[in-house]
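S.K.: For the sequence shown, full-length UniProt numbering begins at 1 and goes up steadily by one. Here it is: the structure, laid out below.
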Amino acid sequence: MSDVTVYPSKLSGRLTPPASKSHAHRLMIISAVSGHPLTILGDLNGDDIAATARCLSAIGTGVETGRGYIKITPNAFHDGDMDAGESGSTLRMLLPVIPTLGITARIDGRGRLPERPIGDIIEALRNAGAYVSDDKLPLKIGGEYAARRFVVFEPKSSQHISGMLIALAKIGGGRIDIFGELPSKGYVDMTVEALSEYGVTITADSEGYTVESGFTKFPDRILCEGDWSGAAALAAAAAVSGDVTIDGLKYPSAQPDSVIVKLLADIGAKTEVSKYGCMCSLRVQAADSIGLGFNADGAPDIVPVLAAVLAFSKGESSIYGVERLKIKESDRITSVVNALNATGAVADYDGKRIRIFGGKGKIRGGTVNANGDHRIAMMGAVLATGAEAPVTILGADCVKKSYPGFFERLAELGGKIEWKK
């Protein structure tokens, strides 16, 4: 693990973030099960994308990676051992799909992934007829669905709902009934959009989703959207200290972290979206900001960088709907509060919300432990940008999970970065 010290600086310039790993996961899996090759265009890097590629390769799919693209070539599926690494998206989206392929696969993971809850997925898959050997990783999965219907109670994640939609498209249609509130619905919307590229019609209602058909269209190439999660971190840094333009984004976008545009505008940062074709540029300029209240249930990944911006705002802020952050790459509630307090902010968690008391403490600098969590490493960089003194981020190279070049891009915008081995 490598540490990095980020010095206070004023950022300026423009850049393009990498491709969205959320969009890439979906396109890779859909292409693999569709039976038709697909070239996915974009800056497709990061450990999580590599995890999906590795898992698909393990069961027979051809995966070719090159500069600016990934080519998926479907082949006959076979039994295999899958290593999902630390990618929850890879695990949860592939689990429902495997029983549609006529194979048995063994799946394992690393880091905190084996601890993250999948009981609701396993229960739903078993009730539908799948064979699942264990209730946690490592496990084997196979069998065959007895009917084209899934029933899910109190879902802990939206990712397996996305996997179920892909599975139903593979077998020609079906139904998902959901009892309880669906978290992060925007990510399911992304899956619906991706499947529509393959001619799959999906209707949503208050009780779930109906997949009306299987694959009827087969695109040869698709441009992967720019990543709003990575863009949000850089936009947050600009809102604290800078004037930055971020290109290559889709807006409006089903990516939940695109809410950063509205959030920064709401607290007083200067934001401007300029469209060109189906893409846009986002310009963010620093300005005096105020606190706000935000329910993060639909966009939990935005919490760390939003919290960093709110540390510089005047007034109290509250971020609700954060319970699921406990089961991310770190206990992200604890990591966020600790990072804020370690750098001079005043923050706590009262069991329901993260509270940030803007103006009660100065962001003086200090040390942030990323705890193996890429979002916390980026949060530390946002705090450093506007701090009075440098911030050292321990284990900062964990950003490779989603944005391998994050600190290099920050340096290109004028940030001063010093790596320590």
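Ideal placement from N, C-alpha and C gives every residue a C-beta, glycine not left out. Remember, it's a predicted structure, so these values are computed and weren't measured experimentally.
Alpha helix (DSSP H) containing A238: first to last residue?
M.R.: Reading the sequence shown from its first residue, position 238 is the one you call residue 238. Per DSSP, A238 belongs to the alpha helix (DSSP H) from W228 to S241.
S.K.: Alpha carbons only, please: which of R54, A411, G359 and M279 is nearest the one belonging to P289?
M.R.: If you number the sequence shown from 1, residue 289 lands on position 289. A small correction: the amino acid at residue 289 is Ser; Pro does not occupy that position in the sequence shown. Closest option to S289, Cα to Cα, is G359.
S.K.: Taking a contact to mean a Cβ-Cβ separation below 8 angstroms, would you say D47 touches G68 in this structure?
M.R.: Here the question's residue 47 lines up with position 47 in the sequence shown. Here the question's residue 68 lines up with position 68 in the sequence shown. Result no, Cβ atoms of D47 and G68 do not sit closer than 8 angstroms.
S.K.: Looking only at its own chain, which residues have a Cβ that is under 6 angstroms from the Cβ of N371, when we skip the five neighbours before and after it?
M.R.: Stepping through the sequence shown from its first residue, residue 371 is reached at position 371. So the list reads S330 and S335, once near-sequence residues are dropped.
S.K.: Which first and last residues belong to the alpha helix (DSSP H) in which C55 is found?
M.R.: By one-based count along the sequence shown, residue 55 stands at place 55. Note, C55: alpha helix (DSSP H), D47 to A58.
S.K.: My output table needs one value for K401: the three-state DSSP class, helix, strand or coil.
M.R.: In the sequence shown, counting from the first residue as 1, residue 401 sits at position 401. It is helical.
S.K.: Assign R375 to one of two classes, buried (16 or more other C-beta atoms within 10 Å of its C-beta) or exposed (fewer than that).
M.R.: Looking up residue 375 in the sequence shown gives position 375. Counting Cβ neighbours within 10 Å, R375 comes out buried, since at least 16 surround it.
S.K.: If contacts are defined as beta-carbon pairs under 8 angstroms, then F294 and L263 qualify, I think. What distance do you get, rounded to the angstrom?
M.R.: As a first step, residue 294 is located in the sequence shown; it is residue number 294 there, counting from the start. As a first step, residue 263 is located in the sequence shown; it is residue number 263 there, counting from the start. Correct: roughly 7 angstroms between the Cβ atoms.
S.K.: Do S9 and T392 have their C-beta atoms closer together than 8 angstroms?
M.R.: On the sequence shown, position 9 is the one that residue 9 refers to. On the sequence shown, position 392 is the one that residue 392 refers to. Not in contact: S9 and T392 (Cβ atoms no closer than 8 angstroms).
S.K.: Run through the region 110-180 for me and flag every whole beta strand (DSSP E) of 3 or more residues, listed as ranges in chain order.
M.R.: Here the runs fully enclosed are 130-132, 139-143, 149-153 and 174-179.
S.K.: With a 10 Å radius around its C-beta and 16 neighbouring C-beta atoms as the bar for buried, classify residue 424 as buried or exposed.
M.R.: One cannot answer for residue 424 here, as it falls past the ends of the chain, which runs 1 to 421.
S.K.: When you compare each of P37, M82 and G109 to S57 by their alpha carbons, which one comes out closest?
M.R.: For the purposes of this step, residue 57 is taken as residue 57 along the sequence shown, with counting starting at 1. It is M82 whose Cα lies nearest to the Cα of S57.
S.K.: Say whether the region 30-37 touches the region 178-186, bearing in mind that this needs 3 or more beta-carbon pairs closer than 8 angstroms, one atom from each stretch.
M.R.: No: fewer than three Cβ pairs fall under 8 angstroms.
S.K.: Rounded to whole angstroms, what is the Cα-Cα separation between R26 and W228?
M.R.: Position 26 of the sequence shown, counting from 1, holds the residue named residue 26. Position 228 of the sequence shown, counting from 1, holds the residue named residue 228. The alpha-carbon atoms of R26 and W228 are separated by roughly 16 angstroms.
S.K.: Can you check the region 283-371 for any beta strand (DSSP E) of at least 3 residues that lies completely inside it and give the ranges in chain order?
M.R.: If we require 3 residues or more, the beta strand (DSSP E) runs fully inside the region 283-371 come out as 293-295, 315-320, 347-349, 354-358 and 366-369.
S.K.: Among V284, G365 and R92, whose alpha-carbon lies nearest the alpha-carbon of R14?
M.R.: Locating residue 14 in the sequence shown gives position 14, where the first residue counts as 1. When each option's Cα is compared against that of R14, the closest is V284.
S.K.: State the beta-bridge partners of M379 as determined by DSSP.
M.R.: Locating residue 379 in the sequence shown gives position 379, counting from the first residue. DSSP output for M379 lists no bridge partner at all.
S.K.: Rounded C-beta distance between A233 and V382? I'm assuming under 8 angstroms.
M.R.: Sequence index remark: in the sequence shown, residue 233 carries index 233 (1-based). Sequence index remark: in the sequence shown, residue 382 carries index 382 (1-based). Rounded, the Cβ-Cβ distance is 6 angstroms, consistent with contact.
S.K.: What does the Cβ neighbour count give for G380, buried or exposed, with the cut at 16 atoms within 10 Å?
M.R.: Along the sequence shown, read from residue 1 onward, the residue named residue 380 stands at position 380. Burial call: buried.
S.K.: Are the beta-carbon atoms belonging to A299 and D257 less than 8 angstroms from one another?
M.R.: Position 299 of the sequence shown, counted from the start, is the residue given in the question as residue 299. Position 257 of the sequence shown, counted from the start, is the residue given in the question as residue 257. Contact: yes.
S.K.: How far does the alpha helix (DSSP H) with K185 in it reach, from first residue to last?
M.R.: Within the sequence shown, numbered from 1, the residue matching residue 185 stands at position 185. It spans K185 to S196 - the alpha helix (DSSP H) in which K185 sits, taken as one unbroken run.
S.K.: Which of the three DSSP states, helix, strand or coil, is assigned to G386?
M.R.: As a working mapping, residue 386 is identified with position 386 in the sequence shown. Here G386 sits in helix by DSSP.
S.K.: Looking at L91 and S107, is the spacing between their C-beta atoms short of 8 angstroms?
M.R.: Counting from one through the sequence shown, the residue named residue 107 turns up at place 107. Counting from one through the sequence shown, the residue named residue 91 turns up at place 91. Position check: residue 107 holds Ile in this sequence, whereas Ser was assumed. Yes, Cβ-Cβ distance for I107 and L91 is below 8 angstroms.
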